[in-house]
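Novice:
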Amino acid sequence: MDKGLLIYNPFSGDHRIIQKLDYIIERFQKEGILLQPCRVMMNCEDHISALMTEGGFSYVISSGGDGTLNFVSNIMLKNDVDIPLGIIPTGTCNDFASILNLPSDIKECVDIILGGKTIEVDVGLVNEEIYFLSSCAGGIFVDVSFNTNNELKKSFGAFAYYLKAIGEMANIRPFRISIQTDKEVLEEDILLFFILNGKQAGGFANIVDSADYTDGLMDIVLVKDCSHIDLAGIFFSVLSNSGINNKNVIIITTNSCTINGPQDIVLSIDGEKGPCLPVNIRFINKALKVFMK
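Using this note's numbering, you'd call the opening residue of the sequence shown number 24 and step up by one each time.
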């Protein structure tokens, strides 16, 4: 009998996964698959690592938001667990699921996983230690995702991030950054940078319309030091799905980079708190198999 490992975060989003666990297990059981649920909790990484490496599973399923997915994928990649990953996006922010055009409906997600179709996707690697799937960012607003109150996120969903960001407007300050790639060295005063694997980050879609999560390349988006009015114009373009084509935005495409800047700039990695600058980042082409439509 095939076995699958379901790693779920009961606190993600509106907590709906809790009511759907029996349904999910039943669906797999009807297909002759034993699905073992495992709850994300404090200090559970070693336990889940042992399950993945010793449990004889045919695939892993992550249910939660981007943070849960980052947690699960890091365990898989660090332990060379080369089996497909299924995604059931039940978090407040589900950027990578959106990049893959996965549905939010749990039944449809189960259908996709049971369908068996997979694709190999790129992953980013920070300082040879931390993997990411959707984005790595630094500067204004990037701490919003890991500093937003859980009750606010439960009540307002992704809009909670925007409410929190509005409150940060008064604290905007530029910083000097240096980015070195294999082709160039760029120095600029900026407000914000994103390193993207796909078109979406922070709930914003189509940031870089040409972004591709299978080409082995990252898209680095730099928002230059600009006025509040110009900054609002940039975000309006993104919110209206117009992409970023603006004089105050620089886009670099590369497979690796070194970023230097103020050491108090904390990175957000898939929405979770990461290291401070400086960092080295590289992309690994088609490093992870995921279930797709």
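Beta carbons: idealized from backbone N, C-alpha and C, even for Gly.
What you are looking at is a predicted structure, and each value in this text was computed from that prediction instead of being measured.
Could you tell me how far apart the beta carbons of D242 and L209 are, in whole angstroms, since I believe they sit closer than 8 Å?
Specialist: About 14 Å; that fails the 8 Å criterion.
Novice: To which residues of the same chain is P107 closer than 7 Å at the C-beta, ignoring the five residues directly before and after it?
Specialist: The answer, listed in chain order, is Y82, T141, K312, V313 and F314.
Novice: Classify K316 as buried or exposed, calling it buried when 16 or more other Cβ atoms lie within 10 Å of its own Cβ.
Specialist: exposed
Novice: Candidates Y236, A255, L254 and I267: which alpha carbon is nearest V244's?
Specialist: The candidate whose alpha carbon is nearest that of V244 is I267.
Novice: Going by the beta-carbon positions, is the gap between L100 and V146 smaller than 8 Å?
Specialist: yes
Novice: Can you check which of these residues, N229, G88, L58 and E211, is closest to G294 by C-alpha distance?
Specialist: G88
Novice: What would DSSP say about E210, mapped onto helix, strand or coil?
Specialist: strand
Novice: Does the region 149-161 touch the region 61-73, meaning 3 or more C-beta pairs lie closer than 8 Å?
Specialist: no
Novice: Are I304 and C159 closer than 8 Å when you measure CB to CB?
Specialist: yes
Novice: Given a threshold of 16 other Cβ atoms within 10 Å of its Cβ, counted over all protein chains shown, does A362 qualify as buried or as exposed?
Specialist: Given that the chain is displayed from residue 24 to residue 316, the structure contains no residue 362 and the question cannot be resolved.
Novice: Name the residue from G161, L137 and D253 whose alpha carbon lies nearest to the alpha carbon of I202.
Specialist: G161
Novice: My assumption, with CB atoms under 8 Å, is that S86 sits in contact with T113. Please give the rounded CB distance.
Specialist: The Cβ separation is near 5 Å, so the contact holds.
Novice: Taking the beta strand (DSSP E) that V63 belongs to, which residues open and close that run?
Specialist: V63 -> no beta strand (DSSP E), and no H or E assigned at all.
Novice: Mind checking who I111 pairs with in its DSSP beta bridge?
Specialist: S86
Novice: Below 8 Å between beta carbons: does that hold for I47 and L29?
Specialist: yes
Novice: For the putative contact between F80 and K130, defined by C-beta atoms under 8 Å, what is the C-beta separation to the nearest angstrom?
Specialist: That belief does not hold up - the Cβ atoms of F80 and K130 are roughly 22 Å apart, past 8 Å.
Novice: Out of S121, P60, S291 and M24, which has the shortest C-alpha to C-alpha gap to D45?
Specialist: P60
Novice: Where does R50 sit, in a helix, a strand or coil, going by DSSP?
Specialist: helix
Novice: For the candidate residues G297, D238 and V272, whose alpha-carbon lies nearest to that of K309?
Specialist: For the options G297, D238 and V272, the alpha carbon positioned closest to that of K309 is the one of D238.
Novice: Which stretch, first to last residue, makes up the alpha helix (DSSP H) that contains S158?
Specialist: Per DSSP, S158 belongs to no alpha helix (DSSP H); it is in the beta strand (DSSP E), S158 to G162.
Novice: Just the C-alpha distance for F51 and K43, rounded to the nearest angstrom, thanks.
Specialist: 13 Å
Novice: Do you know how far the Cα of F227 is from the Cα of F182?
Specialist: The predicted position of F182 is uncertain, since its pLDDT is 42 and thus under 50; no value can be drawn from it.
Novice: Going by DSSP, what residue range makes up the beta strand (DSSP E) through L29?
Specialist: D25 to Y31
Novice: Going by the DSSP bridge assignment, what does D242 pair with across the sheet?
Specialist: L219 and T276
Novice: Would you call A255 buried or exposed, if buried means 16 or more other Cβ atoms sit within 10 Å of its Cβ?
Specialist: exposed
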